[in-house]
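Residue numbers (my numbering): 812 to 985.
Remarks on the structure that follows.
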């Protein structure tokens with residue numbers, strides 16, 4: 812899977828691949844999270860990546876430097892999050908919860924010097940200790956093709972909720 816690039820005002824802009832390519836990628840990402848293949852999931856990201864979950868109800872323009880975020884991880888911190896979640900000492904997720912990440916409405920929104928912008932809707936179902944949590948919302952991704960492979964530069968997960976009142980916390984990866 813090779814992405815074409817074009818020069819726009821001095822900056823290289825990656826041309827989007829067909830929507831189905833991103834959709835298949837997102838379906839595989841969801842399967843990795845469902846199956847707790849978190850090290851494989853981490854390998855989907857570039858070393859410059861960020862993974863962010865703004866507060867419930869935050870606008871798409873929220874900035875982690877100025878606004879409250881539940882999660883604002885760079886690649887280094889994301890690696891620590893994965894290591895912690897895979898450790899049996901992570902009591903919030905041991906024994907591991909049963910999860911189902913559903914992805915829909917995948918849309919390629921265009922590209923710029925950062926990469927290809929893709930959005931989708933999600934529902935994440937989590938069951939643990941007879942408690943069921945359901946998280947719904949949308950993801951905003953920025954993708955880059957590096958060495959012929961699609962990689963995540965940025966993933967922002969926006970919750971379609973005004974609060975985390977029902978769930979109380981986010982201990983899994985949306």
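Just so it is clear, CB atoms sit at the ideal spot from N, CA and C, and this is done for glycine as well.
Note that the segment 909-925 touches the segment 843-854; at least 3 beta-carbon pairs, one per stretch, sit closer than 8 Å. Here residue 951 has 930, 967 as same chain residues with Cβ atoms under 6 Å from its own Cβ, once five neighbours each way along the sequence are excluded.
Runs of the beta strand (DSSP E) spanning 3 or more residues and lying entirely within the segment 944-972 occur at 960-970, in chain order. DSSP places residue 924 outside both helix and strand once states are collapsed to three, so it counts as coil. Setting aside the 5 residues that flank it on each side, residue 838 is surrounded in the same chain by 914, each with a C-beta closer than 7 Å to its C-beta; the list follows chain order. A check of alpha carbon separations from residue 885 across 903, 857, 918, 907 identifies 857 as the nearest. Boundaries of the beta strand (DSSP E) around residue 883: 880-885.
Taken through DSSP and simplified to helix, strand or coil, residue 873 comes out as coil.
Under the Cβ criterion (8 Å, minimum of three pairs), the segment 866-879 counts as touching the segment 958-972.
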